[in-house]
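A.B. asks: One structure, pasted below without further comment.
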Amino acid sequence: MLRFATAGSVDDGKSTLVGRLLHDSKSVLADQLEAVERASAGRGQEGPDLALLTDGLRAEREQGITIDVAYRYFATPRRRFILADTPGHVQYTRNMVTGASTAELTVILVDARNGVVEQTRRHAAIAALLRVPHIVLAVNKMDLVGYAEEEFDRIVEDFAGHAAKLGLPGFTPVPVSALAGDNVVERSAHMSWYAGPALLEHLETVPVGAEPLDAPARFPVQYVIRHGEDRHYAGQLVSGVLRVGDRVSIHPSGETSRIAGIDVLGEPASAAYAPQSVSLRLADQRDVSRGDMITAGADVPALTQDVRAAVCHLAERPLKVGDRVLVRHTTRTVQAIVKNLDGTVGAAELSANDLGRITLRTAEPLALDDYAHVRRTGAFLLVDPADGATLTAGMAELP
0 MLRFATAGSV DDGKSTLVGR LLHDSKSVLA DQLEAVERAS AGRGQEGPDL
50 ALLTDGLRAE REQGITIDVA YRYFATPRRR FILADTPGHV QYTRNMVTGA
100 STAELTVILV DARNGVVEQT RRHAAIAALL RVPHIVLAVN KMDLVGYAEE
150 EFDRIVEDFA GHAAKLGLPG FTPVPVSALA GDNVVERSAH MSWYAGPALL
200 EHLETVPVGA EPLDAPARFP VQYVIRHGED RHYAGQLVSG VLRVGDRVSI
250 HPSGETSRIA GIDVLGEPAS AAYAPQSVSL RLADQRDVSR GDMITAGADV
300 PALTQDVRAA VCHLAERPLK VGDRVLVRHT TRTVQAIVKN LDGTVGAAEL
350 SANDLGRITL RTAEPLALDD YAHVRRTGAF LLVDPADGAT LTAGMAELP
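Just so you know, we're using numbering that gives the first Met the number 0 here: the sequence shown kicks off at 0 and counts up by one.
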């Protein structure tokens, strides 16, 4: 399974690219295609507008833009996919963050006529911030620049300079025409100078999905189940491997024990691998409750009440220094106060869609990893304690 997201500026052709990908990979049902053809004809278009396969909201169809994240599932003989078609407008940056937060690959589109623009750089910065493992630079609308190799090379060189400043580990450039179908599913006959794969071929072969066996073991406890005198600790192993007999630490208490048993789907198992949902039994009676984290090995999370993080503010209500919030980290929720805030433009507050860095002081210690080290245990949300609304998405940055 590959989770991937599309991103890019307004009218770069994200929804059309996704529609073409679904259509040409034969992942569209006949009635869906008929509905798109009727809607396109009603708008005076000669052929089907493939963008309508993902722009499902009425406002999106009327305005011709993407507003919300559209999730689609499709499969080929080689791989299954969950894609998130994200908006391009600046005011919907938070939606792009939502779509890319669980992605293993992000396709950043660029209009070949316009090249790299401000929103392209912004989306690249978000991909770098979220530590998305793989980036594809899809230079779209190549048909409108005569399939010129020099135009493609110019854009790739421009993006490469920006990617280097962001610390992106690398990217794969692909010249495409979503409208004409060039290099989307099948390689294009119009660009013989391009020797790389079509977009779908790259998506099918990029190495993702496997959790490294040497990743640190992280097991946030979601629920405690009592069976007589025994206690089973249920949850999802979000990173690494746990085996029967492993010595483990419990955070934040610092107590230690040993794994006496592992159940997967109600059956005993000798080991558990991320991202399995399991229940654990410990050899000793320990005070373990929801929100605690069980880890194994010497690579333990940092136990801290001072949290420094990169953030994207999601709510309409601004975030200010002194605000009291709830921090939801894995299965644990603690109170906190915003101690310091650095906005992208030096503002005293973060508004909706702003990126910045904050420092929090939590009421209780959190077992945190650096987001660059372990994404699942380095991520958290800030929540309004008054109404439970989500305020901010955070990525911990440990010293």
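Using N, Cα and C, we set each Cβ at its ideal position, and we do this for glycine too. Bear in mind that the values here come from a model prediction, so they are computed numbers and not experimental data.
(1) Does the distance from the C-beta atom of Glu148 to that of Trp192 stay below 9 angstroms?
(2) Find the nearest neighbour of Ala69 within the set Glu103, Thr119, Phe3, judged by alpha-carbon distance.
(3) Taking the alpha helix (DSSP H) that Arg153 belongs to, which residues open and close that run?
(4) Compute the Euclidean distance between the alpha carbons of Val263 and Asp152, then round it to the nearest angstrom.
(5) Taking Pro168 as the reference, which of Tyr72, Leu104, Val310, Thr75 has the closest Cα?
(6) So, using beta-carbon positions, are Lys140 and Asp298 closer together than 9 angstroms?
(7) Under 8 angstroms by Cβ, that's how I've got His250 and Leu325 pegged, so tell me the actual separation to the nearest angstrom.
(8) Taking only three categories from DSSP, how would you classify Ile64?
(9) I need the DSSP call for Thr332, collapsed to helix, strand or coil.
(10) Residues in the same chain with beta-carbon distance under 8 angstroms from Gly114, minus the five sequence neighbours each way, listed in chain order, please.
(11) For Gly12, which three-state DSSP category applies?
(12) Counting along the chain, where does the beta strand (DSSP E) carrying Leu82 start and finish?
(13) For Arg331 versus Arg289, is the C-beta distance shorter than 9 angstroms?
(14) Could you please give me the residues that DSSP links to Asn139 through a beta bridge?
(15) Look up Gln304 in the DSSP assignment and say whether it is helix, strand or coil.
(16) Kindly indicate which three-state DSSP category Leu365 falls into: helix, strand or coil?
(17) Quick check on Asn339: does DSSP put it in helix, strand or coil?
(18) Comparing C-alpha positions only, which one of Asp305, Cys311, Ser350 sits nearest to Asn339?
(19) What whole-angstrom Cβ distance do Leu367 and Ala395 have, given they're in contact under 8 angstroms?
(20) For the beta strand (DSSP E) containing His226, list its first residue and its last residue.
(21) Determine the direct distance from the alpha carbon of His328 to that of Ser176, and round the result to whole angstroms.
(22) Got a sec? Which residues, its chain only, sit under 8 angstroms from Ala270 by beta carbon, not counting five neighbours each side?
(23) Kindly indicate which three-state DSSP category Gly7 falls into: helix, strand or coil?
(24) Roughly how many angstroms lie between the CA atoms of Met292 and Arg360, to the nearest whole one?
(25) Return helix, strand or coil for Arg57, following the three-state DSSP convention.
(26) Does the Cβ-Cβ distance between Leu128 and Thr5 come in under 9 angstroms?
(27) Going by DSSP, which residues form a beta bridge with Gly260?
(28) Under 9 angstroms, do Val320 and Gly355 count as touching if we go by C-beta distance?
(29) Do you know how far the Cα of Ile336 is from the Cα of Thr85?
(30) Report yes if the CB atom of Leu198 is closer than 9 angstroms to the CB atom of Leu313, and no otherwise.
(31) Counting Cβ pairs closer than 8 angstroms, one from the region 117-124 and one from the region 14-24, do we hit at least three?
(32) Indicate whether at least one CB of chain C lies closer than 9 angstroms to the CB of Asn352.
(33) In angstroms, rounded to a whole number, what distance separates the CA positions of Glu315 and Asp353?
(34) Which same chain residues, not among the five before or five after Val220, have their C-beta less than 8 angstroms away from its C-beta?
(35) I'd like to know whether the C-beta atoms of Arg230 and Arg280 end up nearer to each other than 9 angstroms.
(36) Do Thr358 and Pro300 have their C-beta atoms closer together than 9 angstroms?
C.D. replies: Taking the coordinates as given:
(1) Contact: yes.
(2) Ranking Glu103, Thr119, Phe3 by CA distance to the CA of Ala69 puts Phe3 first.
(3) Following the DSSP letters along the chain, one finds Arg153 inside the alpha helix (DSSP H) bounded by residues 148-165.
(4) When rounded, the separation of the alpha-carbon atoms in Val263 and Asp152 is 51 angstroms.
(5) For the residues Tyr72, Leu104, Val310, Thr75, the minimum Cα distance to Pro168 belongs to Leu104.
(6) For the 9 angstroms CB-CB criterion, Lys140 and Asp298 do not form a contact.
(7) With 8 angstroms as the limit, His250 and Leu325 do not qualify as a contact, their Cβ atoms being about 19 angstroms apart.
(8) Residue placement at Ile64 is poorly supported in this model, since its pLDDT is 43, which falls under 50; the coordinates are not used for a value here.
(9) Three-state result, Thr332: strand.
(10) Here the set comprises Arg153, Ile154, Asp157.
(11) Coil at Gly12, not helix or strand.
(12) From DSSP, the beta strand (DSSP E) with Leu82 extends over 79-84.
(13) Yes, they are a contact pair.
(14) DSSP lists Asp110 as the beta-bridge partner residues of Asn139.
(15) DSSP places Gln304 in strand when its eight states are reduced to three.
(16) Reduced to three states, the DSSP call for Leu365 is strand.
(17) Strand, per DSSP.
(18) Measuring from the Cα of Asn339, the nearest candidate turns out to be Asp305.
(19) Distance from Leu367 to Ala395 at the Cβ level is roughly 5 angstroms; contact confirmed, criterion being Cβ atoms closer than 8 angstroms.
(20) Under the DSSP assignment, His226 falls in the beta strand (DSSP E) whose first and last residues are 222-226.
(21) The C-alpha of His328 is placed about 42 angstroms away from the C-alpha of Ser176.
(22) Take Ala270, set aside five residues on each side of it, and the residues of its chain with a beta-carbon closer than 8 angstroms to its own are Val240, Leu241, Arg242, Val243, Ile261, in chain order.
(23) Look at Gly7 here: in three-state DSSP terms it is strand.
(24) Pairing Met292 with Arg360, the inter-Cα distance amounts to about 20 angstroms.
(25) Low per-residue confidence applies at Arg57: pLDDT is 38, beneath 50, and the placement is therefore not dependable, though the value from the model is reported in the following sentence. It is helical.
(26) In this structure, Leu128 lies away from Thr5, with their beta-carbon atoms at least 9 angstroms apart.
(27) For Gly260, which the question treats as bridged, DSSP gives the partners Arg280.
(28) In this structure, Val320 sits away from Gly355, with a CB-CB distance that is not shorter than 9 angstroms.
(29) If you take the alpha carbons of Thr85 and Ile336, they lie about 31 angstroms apart.
(30) Against a cut-off of 9 angstroms, the Cβ pair of Leu313 and Leu198 comes out as no contact.
(31) At 8 angstroms Cβ cutoff, the stretches do not touch.
(32) No chain C is present in this structure, which holds just one protein chain.
(33) C-alpha of Glu315 to C-alpha of Asp353: approximately 11 angstroms in a straight line.
(34) Beyond the five residues adjoining it in sequence on each side, Val220 comes within less than 8 angstroms, by CB distance, of Tyr232, Ala233, Gly234, Val287, Ser288, Arg289, Gly290, Asp291, Met292, Ile293, Thr330 in the same chain, given in chain order.
(35) Yes, the pair counts as a contact, with Cβ atoms nearer than the cut-off.
(36) With respect to Pro300, Thr358 sits apart: the two C-beta atoms are not nearer than 9 angstroms.
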